[in-house]
Structures are given as structure tokens and as C-alpha cells.
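*Asks:*
Laid out in C-alpha cells, this is it:
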């Protein structure tokens, strides 16, 4: 019989500000959050960010009294980047471990599989780090599933407007030739068209292609192209960036799409200087944002308490940053906290009340959402948030524009019911 | 064996606490492992393509359910038929190639199959996977809910016992023994008048049908399919389960599936290093249990007989003990040897 | 168009040279010992980490390549030999299982020690040569040259050097070679060392092109297997030739056909080749 694997989070860590007003001791049975945290080497960075930020958020919530006197308890399971394991473990977490809410699953195929399951399990499911597939809220949405961080065309369309206005109308795009990349391509096509630009050169790259030279060398560099959009992720992103640097593409045109120090163990490679990207959370917080500064400080303190493997995956205590990967996990838990408080959630029996409260979430920048404002869209359960367009300059990120939540596009026409 | 079957049907539902759902999953993945055991352990054709058969059958269910109908009988027939069609390809390989080349053909074909859904993402969902819509979730499984109640679990038990019983019967039949003889020495079997290719094609199609059945059950049980079902990982896993359990037995592959999947799930709940534990567990099996768990138990039993037979006059000891004493059981290391 | 074809042809040489380096070691191991090493890609990964470590510690790129060849080749080769030696008379399946287990362990250990993120590795040569409107990296051409030198060296070794001749003898008929006084055990050890050394050198040379992360070996393995199969199992020269051909075909094909379809075409081609070849009588292994 499998032992129940719980990760009881210590309360009152020495971290930053929380939303609570005191340190009322938490009483009553714990509210269990089942976390599908992929720790396979393929998803180790995402898994590590999810672990640290989930632990941090829960520790802060428990330190300020929990949810109406109930502590939060994370129950972790590792699907090892395998959809069938994610589905099995999701079921096990709910039916055997008795968790009240599910979060996590990094790969799109995992989170889509779990999303398809939750209407039958009848628990709220909030995606955390990863889960970038538009389909999650654009096509396959249901009343139990939520996504906090904006994805795909929500940000690509306004970003397209910005880059066409700033740099020109004709763009090349390289994209990974599978569902995520294809949805990115579709989003940029729509965005470019709306902005009066066009994707003049479209270069698909097979997934996990080890040598990108044949693809990068196709990029036109005769001055007829205004810039390049790079939608690669993970190791493909690093490879593409390296190869782009070798072909000196960055010196000839702006490159859009790469962002987030956490993807590079806390340190941007020099070759990325000049690249432009978007994110709801900057790698280094602007000095005037006290909430983000407190969040980063708390993240570092929490990291010191984690396993050595987690720390190594993120580049070490001195360099690790939450970035948008970590922010996704942090705000998944803080949004649940806010909705649980609002709905007086005590367990699975209150799921419908929790759903209603999640649908009404509208939060100003603060301790729970240190990056910026946030709002949940009730129709498709997709969140919108303040998004920054920034340029990388060695290790700095210079903010070029700030998009308020209402400036982001709808992700689709799905109705969550 | 009867006790085991009764225990399988009765204990998990009585125990509850997610055990039936967990065993369900083991049984589903145990079927392709059983298929590997038959084709690799008995027929000595190391086929890495079982995962492709499983995956194609699962995808067929999802595609037909997503785009055409939820009718469970149509889905079952379509799924099994698609799996058998894939098996025809592997049967052709069995005729045209042998040994390492046969293995490599099945490996390459399985790798190619993993890319196929990416060419038609509207139909297959690409690497996002494809879900059976919630309104069809229980309809496709004959009204038996895979996540509630025990009906689906008992269906799985019945199907698993059926395939095990049928396979056991076929192996003990004349045709089965001919197939085993062909596996051990095809030249000798051909000289004795057996149609080597005929038997190889038959066992490939039969094992493909079992693997396809697993794929069908996976799709209706999980209502979601993804690329990894088609890839090498799933295929190699089936081979691992079979080798670990004992590839030349009927029950061994099922035990191997239970053991390795349980280890993987349990270590995933306890640690971030589960891949490391699985790797070391495999090495333990390779060096200490090369005949698999069942093979190892069998050897222990024969050793026990041997020790008990020491001191018994010749002619009075049991045959098994004689064989153990004279080392007559050294032939089957996991059922696949370099003869 | 002409510029595109020229660039694509160069790309093909780069891709082919990369594949040839990786496949050469795999082919050697299979030719002499009949071992299909599922962990070959993970020694490629270790070679890439060797050069990354060297750069991170200020030791220079080429020193990292040398370290990859020597340290990973010798330690890895002898370690793998120790691991597989007890299984030499056992079933293929057990050897496959052992190398698969090793692959899982190496990936997890690499993730624990180095972190799971993909690390960029700067090429040692930052120059480019203009080809039309393209600035083609000189380092890519260095990779082609290095691969050519290594493979030519391998050919010379196998043809003219005593140990190379012994290696071929053992591959053709181990018992006869042993009877004739060839030190078979030493030849086996050398095979392991050279095979893994080649994989590590490939990893270190290609690190600036593919970056380095714990699972890079998985992405490399399948391509290497395809080349070895297509070139003829145990055929060192065949593997190199097929690698170059496949590289050029893939690069030129990518001009007009989507990448995913090109991969499937390659799979299909190799499958047909394997079927046709298996219909002919197996000849002695040629290295």
C-alpha cells in the first residue's frame, strides 16, 4: 500500500510580506492541494520552480493563519513528464489521498489530460508552471479548470502591435513544428494582420532538432526583413539562440520572443542581448516595485530550504530567480487562497463555491500578485494580467511597454461550463 | 491459479481506496507486456513494436470517438482492427528479417509511428494529445465508469484472464509447441516440416491483437491519448515489464508490469530521484534476476528440490531435482538466448 | 536560389559530419562486440559537459575536447566494459536492458550535478565567412574538418595500425583471432574506449551547435542508430558515408519539404534499405 506522501510545510518562514494581518494559529483539518510536479530531467527547471514557489506561497499563507483557520497542505506527485502518469496520479491524489484541489502538470499534453478528467473527479484544477497550450482555455475549457497566466495569442497579438509599430512590417518566424509552436504561429499571424504587418518568412523546426543550422541559415538577412520572431522553448530555445548568435542574426535585426533568466539558470547568455520578450514577471524586479522585491527575497529564502537538486536545477541560491515560470506557480496558489477565503472553502464539498469565487477574481498588484494586476475571465476561466514588454541588455531587462490586463486579447471562444 | 484469479477479482474491490483503479492501470499495461512475452519469450522474435500497436489502437478509439461516434462496439472493432493492421507490418518484418535486423526494423518503425500524429494535428491533436469528450466518457466503456465503481475493473480482469488462459492453452497445444520449437531453432523446425514463417506471422498477429486490446482499454479507461503511447518509450517499457517479470511465462509480464509501475509511482511520490531508482532496479534485475522474477523463483524452487534430493538414491529423486542437479535448466535466461 | 542551395549543401556537410562522428563509435562497438549501446548518446552528453566545465573553469575549449576524449573515453569505456563484461554470453535483451538502465542513471545524475537547464556553449571561433547575404559560421566548417580528420584517422587506424588490424580480426572471427595470438581482451577494452571516446569528442565538438543538457543524448541517439543501421551494422566506412549522405539529403530536402516529413522520408528509406539488405546473405563484418 502506498504510503501517503505529504509535504507538510513549515509555517512562519523568514520570508517577505504576506497578505495576512496577523499570525492567528491555524486550526481545523488541513485543506489539501494535490500538486503534479514533474521532476523528470526534461522538465526539471519547470518542476523546480513549481516546487519552490508552491512551498513559498503555502508557507506564507499558513504563517498568516491559513484559510479561515485551516492550514494548506501540499501533496506532491511526480508524473515524470508522462501524460498517462499525470492522469493516473491526478485520480490517485483525489480518490486516495483525498486532495481538495489539483494544481500543476507541466507539459501541455499532461495538463490537457488532467483537464479532461477533472469534471468527473469534480475538483477545481488550476494549471501552474508550464501548460502553455492555448487549447486548455481556448477549446477544451470546463467549469473546473482554470489558468492564471495569459498565454499564446493573448500576449502575442498586442506584442505584434508593438513590434510592427516599433520596427517594421515584415517579419520572419521560427517555430517548433508541433502543437505549441503551431498555435504560436497562428497567434502571430492574427496579430501581424491586425497590426498591419505580415509574416514574410515562416520556418518550422522539427521538435528536438539537435542541429538548427539548416533552419537558421534560411533566415533572410538582406535587409528586407524587419525582425525575427523566435517561439522556441526549453533546450530548443537555447540551441536556437546559440545558432542565431553564430550566424550573427541579432546584429542584423531585432529578435523577439526569448525571455526569462530562470530558463538560463539565472544568467542570460551574452548572445541574448538585444532580444525582446514579454512576461507578467520580470527576472529582476524594478526597484520601485516593493511587492516584487519582497517576493524575490522570500523566494531566495525558501530556496535555501529546498533539496539540493532543486537548487542546482535553478542555478544556485545566488543566481536563481522565480521568473515567469515561478510566478505561474506562485500565483496559482495565491489565486486559490483569495478564492478560498472569499468562498469560505473548507474542502471538496465547497468546490462549486470555490469555482464561483475563482471566476470573480480581480486583484490589484500586491503581495498576492506582486508582478501586476490580475483578473479572471469568467467565460473561459483564463486569466489576464499586467504584462511587460522588455529588452534584454546583458543581465538587465529594460521595460519598453506595459500592457494592462484589459489590453490583452481573448484566447478563444470556449465557454467553461 | 484459481485462487489467484479469485483474489484478482475480489480483493481490490473489497479493499477499495483506489486499489481497483491502480490495478486497472497495471492490467492495461500488462497486456502489451504479455504480448512481448509471447512474441519475444516464446517465439524468440524481439519485437520493439508492441507500443506502436498499442498506441495506434488507442488513437483509433480517440479519433473515432472524437470525430464520429461513441458506440463502444464500433470503437472496439475499429481499435482491434487497426492494431492487427499494424501487426501485419511487423509480421512482414518477421518474414524478411531475422535477429538484430528484425529488432532494428521494429525499432525504426515504432519511432516513425511516433511522428505520424504530428502530420495531421487537426485529426490527432498533435503533441497536445486527443481527448474523448466528457459526454462520451462512460458511453465508450459500455456504461461502466472507469473511475467510479468496480464494473470497469471486473471487465478488465475478465479480459486479462481471458488472454492469459487463451495464451496458456495455445502454448500448450501442438501449434504452441511448434512455435516454441521454431523460436529455439528455426532451421531444425523447418527441417521437421514446420512452416517457420507461417508460425511467426501467426504469433505476431496474435500478440498484436493482445497489444491492441490493451490500447483499446487504455483509451476507454483514460479518455485521453497522447504521443508518448506511440513512441519508443512505451514499447521499451513493455519489453522491460516482460523481462523483469519473466519473459517466457504467462504471469511474469503481468507481475513485471505491476512491480515496475508500482516502483515508479511510489518513488515519484517520495522523491525527485525516481528515475535513478528505476535505473538501479533494472540493473538489479539484469545481474541478479536475469530470468526475471518468475524465472528466479523457479530456479530457487529447483535448487530447493536439489538440496532436498541430496542423499536420495538415484532413480528415486524427482525428475525436476535431477535436472536441477545436473544443471539442465540453464537454457532460459529470460527466454531469449543466443542460440 | 543558388545561394540557398550552396548554404544548404554546406549545412548538409555540417549535419552529416556531426552524425558521422556520433555513429562511428556506435558502429565500432557493434561491429566488434555486437553491442547496441542505448547509452551511447549519454556519453555524447558527458563529452559536451566536459567542454562546458572546461570553459566554466577557464581552461579553454580545445582542452575540454581533449579532456572529453581522454577522461570520458577511458573512464567511460572501461566502466561500461566492466558493466557489460558479465553479460557477454547472455541474451541481447539483457545487454539492451543494462545500457538502458545506465542511460536513465546518467541522465538523472547529470541533472543532479549540473542542473537540468540547457547551457549554451560558446564556439571557440567567432568568425564568419560571407556567402551571399549570409554570414556562415567558420566553426561549423571546423566541425566538418575535424570530423573528416577523425574519421580518416579511424580508417587509417583500422587499416594499417596493428591494434586496428587486430580489432578487425576480432570483429570477423573472435575465436580464430584468439587462436592466432591476438590479445582479445585488450582489443575489447580498446574498442570500448575508442567507441565512447568518439561519442564524447562528438559531444564536445558539437556542444556549440546543440547546447548541453542532461537529455541531449536522447535526441542524438535515434539519429545515430538510423545512420548505423543504414550504413550497415559494424560498417565503419558505411556509417560515415551514409551520415554524410543523409545530412545533405536532409538539408536540401528541408528547403522544400517540412522538417517532420523529411524525418519520415528518412525513416522510410532506412526501413526499405534494411529489408533489402536483410534479403541478401549476411557477409563478414567489414570495418
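Residue numbers (our numbering), protein chains in the order written: chain A, 283 to 699; chain B, 42 to 380; chain C, 592 to 878.
The C-beta atom is built at its ideal place from N, Cα and C for all residues, glycine as well.
Keep in mind the model is a prediction, meaning the values are calculated, not measured.
Got a sec, what are the start and stop residues for the beta strand (DSSP E) residue 236 of chain B sits in?
*Replies:* Counting along the chain, residue 236 of chain B falls outside any beta strand (DSSP E), and DSSP gives it neither H nor E.
*Asks:* Taking the alpha-carbon positions, what's the residue 551 of chain A to residue 674 of chain C distance?
*Replies:* 39 Å
*Asks:* Applying a beta-carbon distance threshold of less than 8 Å, which residues of chain B neighbour residue 602 of chain A?
*Replies:* Neighbours of residue 602 of chain A in chain B, taken as residues at a C-beta separation under 8 Å, are lacking, since the least C-beta distance is about 16 Å.
*Asks:* Using a Cβ-Cβ cut-off of less than 8 Å, list which residues of the segment 437-466 of chain A approach chain B; keep chain order.
*Replies:* 459, 460, 461, 462 and 464
*Asks:* Would you identify the three-state DSSP class for residue 806 of chain C, choosing helix, strand or coil?
*Replies:* coil
*Asks:* Please list the partners that residue 703 of chain C has in chain A, where partner means a Cβ-to-Cβ separation under 7 Å.
*Replies:* Ordered by position in chain A, the residues that pass the 7 Å Cβ test against residue 703 of chain C are 591 and 594.
*Asks:* Enumerate in chain order the residues of its own chain whose CB-to-CB distance from residue 691 of chain C is below 6 Å, with the five nearest sequence positions on each side excluded.
*Replies:* 629
*Asks:* If we count the other Cβ atoms within 10 Å of its Cβ and call it buried at 16 or more, is residue 506 of chain A buried or exposed?
*Replies:* exposed
*Asks:* So which residues of chain A does residue 159 of chain B contact, with C-beta pairs closer than 9 Å?
*Replies:* Under the 9 Å cutoff, chain A gives 459, 460, 461, 488 and 489.
*Asks:* Does residue 65 of chain B get closer than 7 Å to chain A when you measure Cβ to Cβ?
*Replies:* For residue 65 of chain B, the answer is no, since every Cβ of chain A falls outside 7 Å of its Cβ.
*Asks:* Is residue 306 of chain B close to chain C? Criterion is C-beta to C-beta, closer than 7 Å.
*Replies:* no
*Asks:* In angstroms with no decimal places, state the Cα-to-Cα distance between residue 332 of chain A and residue 359 of chain A.
*Replies:* 12 Å
*Asks:* Strictly under 7 Å for the Cβ-Cβ distance: is residue 241 of chain B near chain C by that measure?
*Replies:* no
*Asks:* Hey, residue 664 of chain A and residue 654 of chain A are a contact pair by Cβ (cut 8 Å); roughly how many whole angstroms apart?
*Replies:* With 8 Å as the limit, residue 664 of chain A and residue 654 of chain A do not qualify as a contact, their Cβ atoms being about 16 Å apart.
*Asks:* Hey, how far is the Cα of residue 164 of chain B from the Cα of residue 101 of chain B?
*Replies:* 11 Å
*Asks:* Is the shortest distance between the beta-carbon of residue 605 of chain C and the beta-carbons of chain A less than 7 Å?
*Replies:* yes
*Asks:* If you draw a straight line from the alpha carbon of residue 149 of chain B to that of residue 309 of chain A, how long is it in whole angstroms?
*Replies:* 58 Å
*Asks:* Does DSSP classify residue 220 of chain B as helix, strand or coil?
*Replies:* Correct three-state label for residue 220 of chain B: helix.
*Asks:* Suppose the cutoff is 8 Å on Cβ atoms and the five residues either side in sequence are ignored; what does the same chain contact list for residue 648 of chain C look like?
*Replies:* none
*Asks:* If the cut is a Cβ gap below 8 Å, which residues of chain A does residue 268 of chain B touch?
*Replies:* 391
*Asks:* Do you know whose CA, among A:388, A:430 and A:668, lies nearest residue 363 of chain A's CA?
*Replies:* A:388
*Asks:* Just tell me which of A:608, A:341, A:391 and A:516 has its CA closest to the CA of residue 324 of chain A.
*Replies:* A:516
*Asks:* Given a cut-off of 7 Å on the beta-carbon distance, is the pair residue 403 of chain A and residue 369 of chain A in contact?
*Replies:* no
*Asks:* Any residues in the segment 681-695 of chain C with a beta carbon nearer than 9 Å to a beta carbon of chain B? Which ones, in chain order?
*Replies:* 681, 682, 683, 684, 685, 686, 687, 688, 689, 691, 692, 693, 694 and 695
*Asks:* For residue 804 of chain C, which residues in chain A fall below 7 Å Cβ to Cβ?
*Replies:* 517
*Asks:* Could you round the C-beta distance between residue 741 of chain C and residue 612 of chain C to whole angstroms and report it? I think they count as a contact, below 8 Å.
*Replies:* The C-beta distance from residue 741 of chain C to residue 612 of chain C rounds to 6 Å, short enough to meet the 8 Å contact threshold.
*Asks:* Write down every uninterrupted run of the alpha helix (DSSP H) in the segment 311-371 of chain A whose length is 4 residues or greater and which is fully enclosed by it, in chain order.
*Replies:* For the segment 311-371 of chain A, whole alpha helix (DSSP H) runs of length 4 or above, ordered along the chain, are 326-345.
*Asks:* Note down the Cα distance separating residue 767 of chain C from residue 759 of chain C, rounded to an integer number of angstroms.
*Replies:* 12 Å
*Asks:* Per DSSP, residue 428 of chain A forms a beta bridge with which residues?
*Replies:* A:408
*Asks:* State the DSSP-derived secondary structure class of residue 663 of chain A, mapped to helix, strand or coil.
*Replies:* Of the three classes helix, strand and coil, the one that applies to residue 663 of chain A here is coil, per DSSP.
*Asks:* Taking a cut of 8 Å between CB atoms, which residues from the segment 818-833 of chain C lie near chain A?
*Replies:* Along the segment 818-833 of chain C, there is no position whose C-beta sits under 8 Å from a C-beta of chain A.
*Asks:* Using a Cβ cut-off of 8 Å, which residues of the segment 858-871 of chain C contact any Cβ in chain E, in chain order?
*Replies:* In the structure shown, chain E does not exist; the protein chains are A, B and C.
*Asks:* With distances taken between CB atoms, is the gap from residue 80 of chain B to residue 205 of chain B smaller than 7 Å?
*Replies:* no
*Asks:* If we count the other Cβ atoms within 10 Å of its Cβ and call it buried at 16 or more, is residue 810 of chain C buried or exposed?
*Replies:* buried
*Asks:* Report yes if the C-beta distance between residue 632 of chain C and residue 812 of chain C is below 7 Å; otherwise report no.
*Replies:* yes
*Asks:* Are three or more beta carbon pairs between the segment 615-628 of chain A and the segment 339-359 of chain A nearer than 8 Å?
*Replies:* Judged by Cβ distances under 8 Å, the segment 615-628 of chain A makes contact with the segment 339-359 of chain A, as three or more pairs qualify.
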